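J.: Quick note on numbering: the sequence shown equals residues 3 to 160 in this note's numbering.
Glycine is no exception: its CB is placed at the ideal position from the N, C-alpha and C atoms.
In this text, all values refer to a predicted model and were calculated from it rather than measured experimentally.
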Amino acid sequence: MTDSPRLAELRQQEEELVFAAFDSHDAWRLGSLIANHAIASEFGVAIDIRRHNLVLFRCVLPGATADQEEWIRRKSASVLRFEHSTALLTELFAARTHSPLGNGWLAHEDYTLAGGSFPIRVRGAGVIGAVTVSGLSSDEDHQLVVDGIRNYLKTVGI
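(1) Helix, strand or coil for residue 139 per DSSP?
(2) Can you check whether the CB of residue 80 is closer than 8 angstroms to the CB of residue 114?
(3) Cα-Cα, which of 141, 145, 96, 124 is closest to residue 29?
(4) Among all the DSSP beta bridges, which residues are the ones paired with residue 50?
(5) Can you pull the DSSP bridge partners for residue 166?
(6) Near residue 127, what residues of its chain come up, given a Cβ to Cβ distance below 7 angstroms and the 5 sequence neighbours on each side ignored?
(7) Roughly how many angstroms separate the alpha carbons of residue 69 and residue 82, rounded to a whole number?
(8) Contact between the region 143–154 and the region 53–61 is defined here as three or more beta-carbon pairs at a separation below 8 angstroms; is this criterion met?
(9) Quick one: is residue 110 buried, meaning 16 or more other Cβ sit within 10 Å of its Cβ, or exposed?
(10) Evaluate residue 159 with the Cβ neighbour count: other Cβ atoms within 10 Å of its Cβ, from every protein chain shown; 16 or more gives buried, anything less gives exposed.
(11) In terms of residue numbering, what span does the alpha helix (DSSP H) encompassing residue 69 cover?
Structure follows, in C-alpha cells:
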C-alpha cells in the first residue's frame with residue numbers, strides 16, 4: 003500500500019529530525035526554544051521532554067490546563083512504546099480497521115493517538131525519549147514540536 007501524502011510527510015520528518023547526541027543540556031535548550039516560541043505566539047501550552055520515567059524539561063504556560071498533564075503522559079507513553087510520533091501513529095492506525103486502543107490491546111487511560119509528541123531519536127542509539135506539547139489542536143501541537151526540533155538542530159549544526 004502506498005503512503006498518503008500526509009503519512010509520507012510524517013515519515014520524512016522522523017527520518018530528518020535525528021540528533022547526534024542528546025543529554026539534559028540539550029533538553030533544556032530545546033525545551034526553552036519551544037517555550038520561547040510558544041510565549042511569543044501566546045500559546046497556552048504545556049511542554050515536556052522526557053526519557054523513560056525521567057522528566058528532563060517541563061514548562062506550563064498561562065492558558066494551559068490541568069488536563070495537559072494527562073495528555074502529555076499519554077502522548078509520550080505512545081511515542082515511547084511505538085517509537086514514532088503520535089501524529090504518524092494516528093495516520094497509520096486511521097488507515098487500518100482496528101486501533102491499538104480497542105479490543106484490550108492498549109488501555110485508553112495510558113495511551114492516546116493525538117498529535118503532539120515526537121521521538122527523540124539519536125543516531126546510532128535509536129529512540130531515547132519524547133518531546134511533547136499539549137494545549138493546541140493535535141496538528142498544531144505536532145507542528146510546534148517539529149518546528150522546535152528542526153530549529154534546534156539548525157542551531158547546533160546537525
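T.: So, to answer that:
(1) coil
(2) yes
(3) 124
(4) 60, 134
(5) This structure does not reach residue 166, given that the chain is present from 3 up to 160, and the question cannot be answered.
(6) none
(7) 20 angstroms
(8) no
(9) exposed
(10) exposed
(11) 69–84
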